[in-house]
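> To start, I am sharing the structure in question, which I have written as structure tokens.
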Amino acid sequence: MSSVAGGLNRKMLGKLVVVAFVMFGFGYALVPVYKQICEVLGINVLTQKDATILLDKNTQIDKTRSITIEFDGNSQGPFRFRPVVRSMQVHPGELSSVMYEVVNTQARTVNAQAIPSYAPQGATPYFKKVECFCFKQQTLKANEARQMPVVFFIDQALPKDVKTITLSYTFFDIAGLNQAAK
């Protein structure tokens, strides 16, 4: 009886191995088929053959609206801090960037952080930052000057009555806060 059971187990094992290979082959074949179907239908295409096509057909930018973005900089501590430009016009959905300049006026290294605020406050969820110096602490060496970028876009869902947004940063010395808390 054990030889019969052993034979059945080998047959079952053989069938399972064949099924596993067929499933692997089917899964492996699906990748190029999926890519071809997506390319033919024009969906989920990750690379463009011509980059200008992507820019010309970007439907994410609402060119019918312009929003004025005003920039402001304040400092709490040993800094000169300001935006390079005071304002710019952007279209909702358009990727834009602005630079802020900071100068450590001390003869020592300073750790600092920037905190943003927005006006009107209701515009806050529509102001989307892709890159910002405010995401992390900044270490500035003695008398160091630095330009720091903010890359952003305004969400198209911004209410139509909002025509101007002010982005303001307060740049402050972290060590000064730690000493004041002691």
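One gets the numbering used here by counting positions in the sequence shown from 1 and adding 23 to each.
A virtual CB, placed ideally from N, CA and C, is assigned to each residue, including glycine.
All values reported here derive from a predicted model rather than from experimental measurement.
Taking the CB atoms as reference points, tell me whether Phe102 and Phe175 lie closer together than 8 Å.
It is not a contact, given that the beta carbons lie outside the stated cut-off.
> Return the Cβ separation of Ala133 and Asp196 in integer angstroms, given the expectation that the two are a contact with Cβ distance under 8 Å.
Reading off the sequence shown, one finds Val at residue 133, where the question assumed Ala. Contact holds; Cβ gap of about 6 Å.
> Measuring CB to CB, does Ser110 end up less than 8 Å from Pro172?
Contact: no.
> Could you check the C-alpha separation between Val108 and Gly145 for me, to the nearest Å?
Rounded to whole angstroms, Val108 to Gly145 spans 23 Å at the Cα level.
> Based on DSSP bridge pairs, tell me the residues matched to Gln170.
Glu124, per the DSSP bridge assignment.
> Alpha carbon to alpha carbon, how far is Arg169 from Val125?
Rounded to the nearest angstrom, the two C-alpha atoms are 5 Å apart.
> Flag this pair as yes or no: are the beta carbons of Thr162 and Glu93 separated by less than 8 Å?
Contact flag unset, no.
> For His114, I'd like the list of residues in its chain whose CB is within less than 7 Å of its CB, leaving aside the five on either flank, ordered along the chain.
The answer, listed in chain order, is Ile84, Asp85, Lys86, Arg88 and Ser89.
> What do you get for Gly137, buried or exposed, if any count of 16 or more other CB atoms within 10 angstroms of its CB means buried?
A small fix is needed here, since residue 137 is Ala in this sequence, not Gly. Its Cβ being crowded by 16 or more others within 10 Å, Ala137 is buried.
> Going by other Cβ atoms of all chains shown within 10 Å of its Cβ, with 16 needed for buried, is Phe104 buried or exposed?
When all chains shown are included, Phe104 counts as buried.
> Are there 16 or more other CB atoms within 10 angstroms of the CB of Leu190, so buried, or fewer, so exposed?
Answer is buried; the Cβ neighbour count reaches 16.
> Where Val42 and Arg33 are concerned, what is the direct C-alpha to C-alpha distance, given to the nearest angstrom?
Each residue's Cα considered, the two are about 14 Å apart.
> Of all the options Glu167, Asn127, Glu117 and Pro148, which has the alpha carbon lying nearest to the alpha carbon of Gln99?
Taking only the C-alpha atoms, the option nearest Gln99 is Asn127.
> Is DSSP giving Gln160 helix, strand or coil here?
Reduced to three states, the DSSP call for Gln160 is coil.
> If we call anything under 8 Å between Cβ atoms a contact, is Gly116 one with Gln160?
Taking 8 Å as the Cβ cut-off, Gly116 and Gln160 do not qualify as a contacting pair.
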